[in-house]
Amino acid sequence: MTVVDLPPSGDPGDGHGRQERIKKMIQDALRDEGLAGFGTDDSLLESGSATVKEIARPQKSKHSKGFQQIYGYENVKRQITRHLINPLKCQDSPFFQEPARGVLFYGPPGCGKTLFAECLAEELGFNFQQLAIGQTIGTKWMHETSNNITTAFETARRSRKPTLVFIDEADSMLNHRGDVQHEGKLEEINTLMQELSSNQNGNIIVVLATNHPEKLDQTAIRSGRIDLKIQIPLPDPETRDTLLRRLIVDRCKESSAIGNLDVKHLVNITEGFTVSDIVAMIQNTIHIALERNLIQLNDDLLQEACFETRRSLTEEQIQYYNDLESHIAF
Ligand SMILES: Nc1ncnc2c1ncn2[C@@H]1O[C@H](COP(=O)(O)OP(=O)(O)OP(=O)(O)O)[C@@H](O)[C@H]1O
Ligand SMILES: [Mg+2]
């Protein structure tokens, strides 16, 4: 937290000058805290209803932890909090509910599965340990992944602090067992399933992530092993609105650089964008603004950057992810 030392009131610049200097110092302090663009520019607050004026003062600072770093996706945060975080933190409550020990995050690429896993560990105060299964699977090191799994769980069990074990690209390992060609792969699946089943004491949470939930072996992810399955979808209009506003503010040192933007229109033209696409679009906007020596963003500029940004998903893929629930059996 930054402390602002106010200039003494007997200073030569007393009166309006002093006020201005204090305002500037507060702006500088807000910027240092990652809150730039807020609070002191009245024009930002007065503009029309579909403009950036509705950006709420963010809770985020560069020191912030946990879900505060995730823009939007309030429904996903609510589900995780209800089914996992609250049951784990219920020591002082008269109620008891067994928390989920395994969680699956599924959904399109670039929409925050890894970010949610990292932030969940922070929310819980757990260690974060990632198992990169995808790269070693089916290689000549037949038992390597299996050994890695055992080692990861052993390390987690020995650790004084509870651990979140994150397994990315889970479909590359836990795909339908009927498809399994490779003896080593079967061993990996069995090792992981044993670890999941014996993980009873709540000190280890396993989070799996996949872009292809329909490929997962149902036995491996049945309740009792992976109790909670949460879709992290393409950002809906509400989340796109929050993302756009927050990302724009993050990139503007002064609130005056934001301009009077029609966020509603931006939300419409970014339909089908992943979060990574929206991040890239805002980066493109800033690149263009720097190239043209602009001092303020405007709608045309953002629209231009939007059209320049390649969407990562095709129409079919967007359709697939929008209908995802109908492709999966859990
Ligand atoms: N809601 C969000 N708010 C802020 N930043 C986000 C959000 N979601 C994702 N990001 C950022 O977007 C990028 C992509 O997110 P992430 O890597 O977590 O996606 P993913 O779903 O794990 O992708 P993949 O399937 O490719 O592994 C990261 O830089 C991440 O920090
Ligand atoms: Mg990821």
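Take the sequence shown: its position 68, counted from the start at 1, is 68 in this note's numbering, and no numbers get skipped.
Think of the CB as a built atom: it goes at the ideal place given N, C-alpha and C, for glycine as much as any other residue.
| Item | Value |
| --- | --- |
| Please state whether the Cβ-Cβ distance between leucine 208 and valine 103 is less than 9 Å. | yes |
| Quick check: what's the CA-CA separation for glutamate 315 versus serine 93? | 47 Å |
| Only counting the same chain, and skipping five residues up and downstream in sequence, which positions put a Cβ closer than 7 Å to that of arginine 31? | In this prediction, arginine 31 has a pLDDT of 45, which is less than 50 and means its spatial position is unreliable; what the coordinates show is noted afterwards. Around arginine 31: Lys253. |
| From what residue to what residue does the beta strand (DSSP E) around threonine 210 run? | 204-210 |
| Please enumerate, following chain order, all residues with a beta carbon closer than 6 Å to at least one heavy atom belonging to ligand 2. | Lys113, Thr114, Asp168 and Ala209 |
| CB of leucine 243 to nearest heavy atom of ligand 1: below 8 Å? | yes |
| Distance, Cα to Cα, aspartate 323 vs asparagine 211? | 13 Å |
| Counting C-beta neighbours from all protein chains within 10 Å, is the total for asparagine 293 16 or more, i.e. buried, or is it exposed? | exposed |
| Measuring from the CB of threonine 239, is there a heavy atom of ligand 1 at a distance below 8 Å? | yes |
| Starting from isoleucine 295, follow the alpha helix (DSSP H) in both directions and report where the run begins and ends. | First-last for isoleucine 295: undefined, no H or E at that position. |
| Given 8 Å as the limit, tell me if tyrosine 321 has its C-beta closer than that to any heavy atom belonging to ligand 1. | no |
| Just verifying my parser: in three-state terms, what is the DSSP assignment at tyrosine 321? | helix |
| Distance check for serine 146 and proline 235, CA to CA, integer angstroms please. | 35 Å |
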